[in-house]
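Asker: Heads up: the sequence shown is residues 152 to 280, going by the numbering used here. By construction, the Cβ of each residue, glycine as well, lies at the ideal position given by its N, Cα and C atoms. Values in this document were obtained by computation on a predicted structure and should not be read as measured data. Here it is: the structure, laid out below.
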Amino acid sequence: HARRVNQPATRCCLRQTTSGGWLIDTPGMRSLSMGGSSEGIDLVFADLIDLAASCKFSDCAHASEPGCAIQAAIATGDLDGGRLQRWQKLLQEDAQNSGSIASARAKQKSKSRQIKTTVRNKHKRRKNN
């Protein structure tokens, strides 16, 4: 019974998926995230952003607040409620991904500081002995 070992990639590999997308395996790549997605979201949902600017409250969640221009557009049939849900879902995912990236960078920075301090202390101990 052979044991399977996960080996890191040693060369780039680009493959097309059955759905027409592309998958890349790059040595050293540990995670994948969408970069610049907020600009794309803003372009696709520019109509909702314009409507949101007309809301009575600047922090409107577009749920049940009085004076919500987006809810008014849904009520009159000018806007599909599903479009609002898709926009909110993408905004939430983008915020979560941005937070994950920032968290990973902070963790790496903390680890680097810890290593630097350990090495510095090791050199000090050698010098004092």
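State the beta-bridge partners of A176 as determined by DSSP.
Answerer: The question names Ala, but residue 176 is Asp in the sequence shown. In DSSP, D176 forms a bridge with C164.
Asker: Would F196 be called buried (16 or more neighbouring beta carbons within 10 Å of its own) or exposed?
Answerer: buried
Asker: Could you tell me the distance, in whole angstroms, from the CA atom of R271 to the CA atom of T177?
Answerer: 34 Å
Asker: Taking the straight line between their C-alpha atoms, what separation do you get for T169 and G232?
Answerer: 32 Å
Asker: Using CA coordinates, which residue listed in R256, A223, H213 is at the minimum distance from R237?
Answerer: H213
Asker: Using a 10 Å radius around the Cβ and a threshold of 16 neighbouring Cβ atoms, would you call I192 buried or exposed?
Answerer: buried
Asker: Looking at L202: is its Cβ nearer than 9 Å to the Cβ of I221?
Answerer: Yes, these two residues count as a Cβ contact at 9 Å.
Asker: Measure the C-alpha to C-alpha separation of H163 and W173 and round it to an integer number of angstroms.
Answerer: The displayed chain sequence assigns Cys, not His, to residue 163. Taking the Cα positions, C163 is about 13 Å away from W173.
Asker: Mark L235 as exposed unless 16 or more other C-beta atoms lie within 10 angstroms of its C-beta, in which case mark it buried.
Answerer: A residue is called buried once 16 or more other Cβ atoms fall within 10 Å of its Cβ, and L235 is buried on that count.
Asker: Could you please give the first and the last residue of the uninterrupted alpha helix (DSSP H) stretch that includes L202?
Answerer: 197-203
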